[in-house]
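Chains as they are written, first to last, in full-length UniProt numbering: chain A, 1 to 367; chain X, 1 to 367; chain E, 1 to 367; chain G, 1 to 367. For each residue, glycine too, the CB sits at the ideal point set by N, CA and C.
Protein chains: 4
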Amino acid sequence: MALAHLVYPGAMHTRFHHSMGAYHLMSCALSELKSKGVAITEDEEVAAKMAILLHDIGHGPYSHALEHALVEDVSHEEISQLLMQSLNREMNGALNGTLEIFNDRYHKPFLHQLVSSQLDVDRMDYLSRDSFYTGVSEGVISYDRIIKMLTVHNGELMVEEKGIYSIEKFIVARRLMYWQVYLHKTVLSAENMLVKVLHRAKALAISGVELFASPALRYFLYNRIGRKEFENDEECLLQFCLLDDYDIMGAIKVWTGHTDKVLSLLCQWLVNRQLFKVTFMEEAEAEGKVTELKDKVKKRWGLTDEEAGYFVFTDTASLRAYDDHDEKINILFRDGAVRDISSIDNALVSHTLARPIKKFYICHPKI
Amino acid sequence: MALAHLVYPGAMHTRFHHSMGAYHLMSCALSELKSKGVAITEDEEVAAKMAILLHDIGHGPYSHALEHALVEDVSHEEISQLLMQSLNREMNGALNGTLEIFNDRYHKPFLHQLVSSQLDVDRMDYLSRDSFYTGVSEGVISYDRIIKMLTVHNGELMVEEKGIYSIEKFIVARRLMYWQVYLHKTVLSAENMLVKVLHRAKALAISGVELFASPALRYFLYNRIGRKEFENDEECLLQFCLLDDYDIMGAIKVWTGHTDKVLSLLCQWLVNRQLFKVTFMEEAEAEGKVTELKDKVKKRWGLTDEEAGYFVFTDTASLRAYDDHDEKINILFRDGAVRDISSIDNALVSHTLARPIKKFYICHPKI
Amino acid sequence: MALAHLVYPGAMHTRFHHSMGAYHLMSCALSELKSKGVAITEDEEVAAKMAILLHDIGHGPYSHALEHALVEDVSHEEISQLLMQSLNREMNGALNGTLEIFNDRYHKPFLHQLVSSQLDVDRMDYLSRDSFYTGVSEGVISYDRIIKMLTVHNGELMVEEKGIYSIEKFIVARRLMYWQVYLHKTVLSAENMLVKVLHRAKALAISGVELFASPALRYFLYNRIGRKEFENDEECLLQFCLLDDYDIMGAIKVWTGHTDKVLSLLCQWLVNRQLFKVTFMEEAEAEGKVTELKDKVKKRWGLTDEEAGYFVFTDTASLRAYDDHDEKINILFRDGAVRDISSIDNALVSHTLARPIKKFYICHPKI
Amino acid sequence: MALAHLVYPGAMHTRFHHSMGAYHLMSCALSELKSKGVAITEDEEVAAKMAILLHDIGHGPYSHALEHALVEDVSHEEISQLLMQSLNREMNGALNGTLEIFNDRYHKPFLHQLVSSQLDVDRMDYLSRDSFYTGVSEGVISYDRIIKMLTVHNGELMVEEKGIYSIEKFIVARRLMYWQVYLHKTVLSAENMLVKVLHRAKALAISGVELFASPALRYFLYNRIGRKEFENDEECLLQFCLLDDYDIMGAIKVWTGHTDKVLSLLCQWLVNRQLFKVTFMEEAEAEGKVTELKDKVKKRWGLTDEEAGYFVFTDTASLRAYDDHDEKINILFRDGAVRDISSIDNALVSHTLARPIKKFYICHPKI
C-alpha cells in the first residue's frame, strides 16, 4: 500500500501477503466452479493459479513512484508480461497456459476474468486485506459468499441472482476504500512527494550529480530506462528484480543531507512526515492559486521557477466505481436471463457508480 | 430476531443484548458530542440513556406475531409508551425527561434523533449485532466512525462532511440486511406461520375451545385485548409483562397434539421446521395461484375454505432504504451548508435507495 | 451452558451449535489423519461423525438439573445410549458402527478417543465456543493447530512432539474455564436453585399437589422415572424427547405464584435473579454455619427444618484438569517414544494439574 | 520481531505499533488504579506514560543483531537511558520524573513495575500483539481483565485474588510464545545468520575492506563503538538514531555480490531464505558434531577454520517463564494476605515454570 501507513499505521502488509491471498481465493473459486460442474482441467487450474500468483510481479517498489519516475514509457503490466515470459523460457514453456490466461487469449474467458476483471480475486483480496489492516471496517466484503455465488455461463464468469446484494456491497465498498484510503488526501500527498523526490534525483543524476544509491537504484537513476531497454537488454529486468523498498527508502534517508536544496528538503519532509497540503478544487480556480503559491515558495527557499515546480503542483484523483463499458459484472437469473449489474431492477449500481468521478487538486507545502 | 435463527442458527441474541448495546452507543455518542462543545446537562444525559434503554420495552415475544395476533389495534410503540408512563408514576416523575425525549417534545431535537431517526443508535446497534450473529459480514457498519462524525447544528443531529461515505455504507448495509436477513424468504415463511398459529389459537379460544396455555397467555387468548383495555385496565400491562417466548413456544409445542387439525398441523410444521414456501410474484399473477393452491390444500387435508386460508395466503415485504420525506440524514459541510445525504454531489443514496421497494408474495405448504 | 448467561449474558449458544461444531472438528480431524496415511474407511468416517453428532443427545434441558431432579438413577450417558439404540432400530442397524465407536468396542480405539477422551473434539468445541460466547478470551485454544498435530500410533490417538505446548495450553485453558465460568460462584448458585425448584416441585407433585406443567413435564413430575422405566417403557423416551427449556422455564414462571411458599419463593428469586450466596469454606467450618443460617431462614419465612433445607445447603465443586489415571494424552516423539503429557521433560502438566481439586461450599439466601 | 516473519509472514508489525499499544495499556492501567483510589497525580501520569512510550527507544534495527555485532559492551537499556537523558536536556528537565520511574528510583514503586516487571504493560502488549500478528492464537492473554484486577498495596503493584487464573494463563502464554515463536528454530537460525553477517562485515571493515553502506551504517562498521564512545561523543547517539532496517537490509542485499566469500554466501542465503539448520542437543554431544560439520564446510567452500566458524556454531536458547527470585507477581487476598503467584494453594506456576529452561543447539548449513 505504498505510503498509506502514514495515515493508517497498521497497513504494513506486503505484496507477498496479497499474492498468497489472491492465490488462495483463486483456489476457492476454482473448487466452487468445479463443484458446479464447470469443466476445468488440472492443467488449467495450475495455469490460473500461476497467473494470479504472478499478476503483480512487475510492480516495482512503491509502484506508482517507480512507474512515473524511475522508468519511462513502460507500465507495470508490461514488466509483469516480460518477467513471465522470461520465467517461461527458464521453465521450458511451463507458463504457456498462464500467459494465455493472463493475456485473455485462452478459449475459456472466465479464467482470465478470475484473474483480471471487475470481479476478480485480485480485487476481492486487496479490498478485504486493506480493509482489515487499515481498520476501515466498512471496506469489508463477503468474499466467501461472492465466491459461492460465482458461476460460468457461455464461458463467461457470472454471478447467480441471489448474489446481487453482495455484489452491490462489493462495489460500494470499493468506492469507499478509494476515497477513504487509496485517494485519502494525506496518502496522495505523500505519494506525490515520493514521485517528486525520484524525479529530482533522476534529473540530478542525468546531469552528472553524485547521489548515494545501491547499485540497482543507480542503474535506474543514471540511465534512461524505458520499454525499448526492457525489451532489448536482459540486464534491465535483472536490475529491476533487485530493487525494493530498501533501496528507495535507504537512499531517501541519506539524501536528506544532500547539497541540492530541492532534493534534501523533499527528503527531509517525507522522512519527518511534514507532508504537503492537498486541496481539492475546481481546475479553473487552481491556476491563480498555483502562481501565488509558487511565488511564496520561490521567495521562502530561494528557488527558480522550475525548482518551485517540485513543491507546488496539481493533479487529478479519479475513480469509476463500476465501469459499464467493457468487462461488465453479469448476473445470471434463474430463468436463464443475463443482465449487467447496473441494468437490473432496482439497481443500486447505476448512473452514479458507473460515472467516473474526478477530483482535481493542488499540492503544496504548508506555508 | 424472532425466527431468523431458523436460517441463521447463530442468531440467538436477545432484546436485552440489543438494549445494552444501544445504551452503550448512546453513551459514546453523548460523550462525542460533549467533547465537540454541544451543551448536554447531566440530567439530559441520563434521560437520553433511559430513553434508549426503554425504547423497545413494549415489544412482546416474537414481536410482530404478538402485534398482529394476540392484541388488537395497539402497536408496540404505544405499549412502550404506557409502560414508561407506568414506570414514571412508580418512580415519581424520574422519567419525565425521558418521555419528552422519546416523544420528541424536548427542546433539543438531537436527543430524540439519537433515539429514533434514520441514523439513531438503535439502528447502529441492531445492524452491527445482527450482522455479527448471523455471520452476514456485509451488514457490518462502522458505528464507531459514524459516532465520531456526529455533530449538532441548530439543535439537529448532523454528520460531518467527511462522514459521507460511512453514511452511504450504513444505508447500503441496511438495505442488504433487510433483503438478506429480515425479509429472507424462509424467515418470512416462519414468521407468517407463527402469526397464523396464534390467529387460529385465538379464534378457537374465543369460540370456547380449551387450549393449553400459561395464565398470561390464556389472558390474551381468551380475551379481546386492544388499546382501550391497555389504557383502562392495569391488569393488561401486568399480564403483558409476564409474557415471553417461553409462554408462546411452550404452548405451541403442546398444541402439536391438539385435536383441531389446522392448529396441530401448523404447530407441527413450525416445530419440525417444515416451513411454507414463499414465492415473490406480481400481485396480478397471484389470484389464480391462490385459488389453485387452496383447492389442493382443501382436498389434501379435508379443510373448509376458511380453514385453508391459514395455509395459503399472500402478503407484501417492503423496505425503503432511505426515506427522503421526513427525518432526513443531514450532512454539515465545512462551509456551513447543510444538505440531505440524498442531494449531495455524486450522491449514491438517491432515487433507487429512497424509493420504497415492495415485493408481493404468496405463502403455502409445499404440496 | 444452563444458567451461565446470568453471569455472562452472551452465553446464549445452544446444544445444536455445539453438536454442529464438534461434527465439524471431527470432519477436520478425520481428514487430517487420512492425509497422514491412517486407514479410515468411508463407513468408519460416517460412523464416527454420527457418534459425535449424537454424543450429547441424552442431555435433558439444563442437564444437571434434570439428572439430579426429574429422573432418578439414570445418567445422560445412559439416555444417550438408549436413544441411539432406538434410532438404530428405526434405521435398521445403520448406527451399529456408531454404537461400537461410542461404547469403545470398535477395533480402532482412536475413533472412540476422538469422540470421548481427554483430547476429544467435544472438549475442543465446547472450550472454544464457550470462551467465544462468554468473552473469557483466556479460554481460547488452538483447535486447528491441535488437530494438525494429531496422529495415530498402534491404533491409539496421539499428539506429535511439536504439539506439546498447544496441549499444555489446552489443559490450562480448561482449568481456567472451569473456575472462571462453569464453576463460577453465581453460576453454581443459580444451577443449585434450579435443582431445588425441581426437587420441591417433584415432592409436591408426588404428594398430590396440583402444579402447572406441560404434559411432558407433568409426566416426569407425577411419576417416579428411573433407569428401569426408561428401559421398559418406550413412553419414557418419547416424553423425554419432548422436554426442553420451554417446559421448565415456562413452568417456573407460573410457579412464582404457587401457594407453596418454598416453591414460589425459589421460583421468584430465580426468575428475578436474586440468587443465593455461595461461599467456599472448609467442610469442618460449615456445620455450625449451616445450623445458624437455617435458624435464621426458618424464623424469617416461618419454615420447618425440612423446608429450610431447600434454602440452606452445602455441596462440592471439583475439577481434575488432567487425569493421569486412565485415558492419558500421549505424545509421540520423533524417535518413536510415547510419553504421557504429564511425564515429559519440563512438564507443565504434572502434580498440580493432575490432582483433583475440590472446593466445598455453602449456599444460602442473602439474609 | 526481527526476522520472525520468515516463519510467520504476518508478523510485519513495528516497534512504533508496540510503543503505541503499551502506551494505551498504561493509560488503561492508570485509570483503573485511580478508580480504585490509588493516589496518582497528573504529573505522575504523564511521567509514567512517557516512560513506557520511550522504554524501547534504545533498540537498534533487528535489536539483538545490533547489540551483539554493531556495538560493543553497551546494551539497548543503556542506550535508551542515554537517549532519554539527551531528550531530557533538550526538554529542560521535563523527563525528570520519567527517568526516576524508568530507573526505579521513584517513591511509588508500582509506577516502575507497570513499566518494567514480570507483569508490566510492555509484556501485555507484546504478547497480545505478537500472538495476533503471527496467528499463534494460544498466546492470547486477557490484558483487559488483568488490568481490571490490578491494585496497589504498600506502594507495590499487586493482583486481586480473583485474577489468579488470568495470571497463570499469562505466564503459560508467555512460555508458549517463547518456544513457539521467539525461540522457534527457524527464527533462531535467521537471527543468528544476521549476527554472523554483521560480525563478518565489521571484521572486514576494521581490516580496511571496502563495503557498501549508508553513512550511518558505515559509522558503526568502520569504528569500534562501545559504552565509552556513547557516553563521550554526542555523534554516536546521532548516528545511532539514523540507523534502521533500511540501512541493514539495504546493505545486505548489496553484499550478496561482495568478493568476500563468507560475507556474500551468508548474505545470499539470508536474502534467499536458505537458512541454517538448528538442532537442539546435549552440549556434550555437540563438540564432535561441530568438528565434523566444520570439516565438511571447509572442504565444500574452501574456507579456513576461522571462516568456517561463521557457518557452524553453537548457542543456547533459554527462558524462565516466571522468575521467583526478585520482582515477583504478588497476589493480594481478600483477607489482606499477600502471596507470590508461585506459592499460593494449588499453584500452577511452581517448580516447572519458575525454573530456567535452557536448550543448547548447533547451527549449520544443510550439507
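So, for residue i: in the same chain, excluding its five sequence neighbours on each side, which residues have a beta-carbon less than 6 Å away from its beta-carbon?
i: Ile57 (chain X); result: Ser80, Leu83
i: Phe149 (chain E); result: Here residue 149 (chain E) is Met; the residue named in the question, Phe, does not match the sequence. The answer, listed in chain order, is Val159, Glu160, Gly163.
i: Ser214 (chain E); result: Asp247
Does the beta carbon of residue i sit closer than 8 Å to a beta carbon anywhere in chain E?
i: Pro61 (chain X); result: no
i: Tyr222 (chain X); result: no
i: Val254 (chain X); result: yes
i: Tyr246 (chain X); result: yes
i: Glu210 (chain G); result: no
i: Ile52 (chain G); result: no
Straight-line CA distance for residue i to residue j?
i: Leu111 (chain X); j: Ala201 (chain A); result: 57 Å
i: Met50 (chain E); j: His59 (chain X); result: 40 Å
i: Pro365 (chain G); j: Lys296 (chain G); result: 10 Å
i: Asn223 (chain E); j: Phe212 (chain X); result: 21 Å
i: Ser318 (chain A); j: Arg175 (chain A); result: 11 Å
i: Glu78 (chain X); j: Leu332 (chain X); result: 34 Å
i: Ser207 (chain G); j: Ala251 (chain G); result: 18 Å
i: Leu217 (chain G); j: Trp255 (chain G); result: 13 Å
i: Leu263 (chain E); j: Lys253 (chain E); result: 11 Å
i: Cys310 (chain E); j: Asn272 (chain E); result: Note on residue identity: the sequence assigns Tyr, not Cys, to residue 310 (chain E). Approximately 18 Å, taken between the alpha carbons.
i: Ala284 (chain G); j: Ser35 (chain E); result: 38 Å
i: Asp73 (chain X); j: Asp245 (chain X); result: 22 Å
i: Ala173 (chain X); j: Ser131 (chain A); result: 16 Å
Using beta carbons (cut-off 8 Å, strictly below), is residue i in contact with chain A?
i: Tyr301 (chain X); result: One detail in the question is off: residue 301 (chain X) reads as Trp in this sequence, not Tyr. Trp301 (chain X) does not count as touching chain A.
i: Ser214 (chain G); result: yes
i: Gly135 (chain G); result: no
i: Met249 (chain G); result: yes
i: Leu119 (chain X); result: no
i: Ile362 (chain X); result: no
Measuring CB to CB, does residue i end up less than 8 Å from residue j?
i: Val71 (chain E); j: Ile248 (chain E); result: no
i: Val8 (chain G); j: Gly135 (chain G); result: Residue identity differs from the one stated: residue 8 (chain G) is Tyr in this sequence, not Val. Yes, these two residues count as a Cβ contact at 8 Å.
i: His17 (chain E); j: Tyr126 (chain E); result: no
i: Ser117 (chain E); j: Arg145 (chain E); result: no
i: Leu3 (chain E); j: Leu243 (chain E); result: no
i: Ile329 (chain A); j: Asp345 (chain A); result: no
Is the shortest distance between the beta-carbon of residue i and the beta-carbons of chain X less than 8 Å?
i: residue 393 (chain A); result: In the structure as shown, chain A begins at 1 and stops at 367. Residue 393 (chain A) is therefore absent and cannot be evaluated.
i: Asn346 (chain A); result: yes
Does residue i have its Cβ less than 8 Å from a Cβ in chain G?
i: Ile141 (chain E); result: yes
i: Leu127 (chain E); result: no
i: Glu138 (chain E); result: yes
Leaving out five residues on either side along the sequence, give the residues of the same chain with a beta carbon under 8 Å from the beta carbon of residue i.
i: Cys241 (chain A); result: Leu83
Suppose the cutoff is 7 Å on Cβ atoms and the five residues either side in sequence are ignored; what does the same chain contact list for residue i look like?
i: Glu307 (chain X); result: Val262
Under 7 Å, CB to CB, which of the residues in the region 145-173 of chain A have a partner in chain G? Close to chain G, meaning a Cβ-Cβ distance shorter than 7 Å, is no residue of the region 145-173 of chain A at all.
Mind listing which residues of the region 271-291 of chain G have their C-beta closer than 8 Å to chain A's C-betas, in chain order? Residues: none.
Under 8 Å (Cβ pairs) to chain A, residues found in the region 1-34 of chain G: The residues in question are Pro9, Gly10, Met12, His13, Thr14, Phe16, His17, Met20.
Proximal residues, the region 177-188 of chain G versus chain E, C-beta separation under 7 Å: Within the region 177-188 of chain G, the residues whose Cβ lies closer than 7 Å to some Cβ of chain E are Trp179, Gln180, listed in chain order.
Residues of the region 317-341 of chain E with a CB closer than 9 Å to any CB of chain G: list them in chain order, please. Per Cβ criterion, the list reads Ala321.
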